[in-house]
Each structure stands twice: as C-alpha cells, then as structure tokens.
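Visitor:
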Amino acid sequence: MLIPNCFFRVGGSAVLLSNKGSVKRRAKYKLVHVVRTHKGADDKAFRCVYQEQDDDGKTGVSLSKDLMAIAGGALKTNITTLGSLVLPISEQLLFFATLVEASECKSEALYT
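Just so you know, numbering that gives the first Met the number 0 puts 73 at position 74 of the sequence shown, and the rest follows in order with no gaps.
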C-alpha cells in the first residue's frame, strides 16, 4: 500500500535531507519550496491503484485505466503551483499571454 499512499492519498515523497549544521557547506541543494497535491478526495483517483485479494486469496495490486490521466493531472497541479513560486514575473506574464491567446484562438475557431 506504500505506492498508492505516496501518489494518491498522503502525498508522501522520498527526499534525502540533513539537519546537521556540520554538512551545511557541503550541500549541493537547498530546499526552498514544498508543494503537496492531494487527489484522494476524487473517487477515481482513490481507486486507480488499489491493493486487494483475488479469488485465490493472493494479494495483488489492481490498476485502473484512468491511472495515467490521474497521475498527469496531479503532476499538472504540482507544476502549476510550483510555477508561480519559482518562475520570474516575466515568464509568468509570457505564460499568461500565451494562455489568453490560445483561448481566443479556440473561441474564434468555434464561430467560423
């Protein structure tokens, strides 16, 4: 149950961190932002990876067809949340302009 819990229920992740002051100078990276996305409230996400027993009593993991779509949605939510935290204002404005342009082109195509 660890894999489905990490992805869809408790938002767990594996990270190698240290709180020792003596290794601070040797660190390559510094953790600045942490984003947690929880998709377990959606019933499809809750049931897309599930551990259960089959008719023979053997425990296995069942995967639904929606797994890739749900994982993609969770990744999209994480990237969207992180984008506003780490991207400079110029890139955020460029993204917004592209988004508006794409929505205008889509609406024009419907009425032609």
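From the three backbone atoms N, C-alpha and C, an ideal C-beta is built for every residue, glycine too.
I need the straight-line Cα distance from Phe94 to Lys75, nearest angstrom please.
Guide: Those two C-alpha atoms are separated by around 14 Å.
Visitor: Could you tell me whether the Cβ atoms of Ser83 and Gln91 are closer together than 8 Å?
Guide: The answer is yes: Cβ separation under 8 Å.
Visitor: Here's the rule I'm using: 16 or more other beta-carbon atoms within 10 Å means buried, otherwise exposed. How should Ile78 be labelled?
Guide: So Ile78 ends up on the exposed side.
Visitor: How close, in whole Å, do the beta carbons of Ser63 and Arg35 come, if the pair is a contact with beta carbons under 8 Å?
Guide: About 23 Å; that fails the 8 Å criterion.
Visitor: Helix, strand or coil for Thr58, going by three-state DSSP, please let me know.
Guide: Three-state DSSP puts Thr58 in a strand.
Visitor: Three or more C-beta pairs closer than 8 Å, one from the region 40 to 55 and one from the region 65 to 74: is that the case here?
Guide: Result yes; three or more Cβ-Cβ pairs closer than 8 Å.
Visitor: Does DSSP put Val31 in a helix, a strand or coil?
Guide: Coil at Val31, not helix or strand.
Visitor: What is the rounded straight-line gap between the Cα of Ser61 and the Cα of Glu51?
Guide: So the two alpha carbons sit approximately 7 Å from each other.
Visitor: Considering only residues of the same chain and omitting the five flanking positions on each side of Ser21, which have a CB-CB separation below 6 Å?
Guide: Closer than 6 Å at Cβ, skipping near neighbours: no residue.
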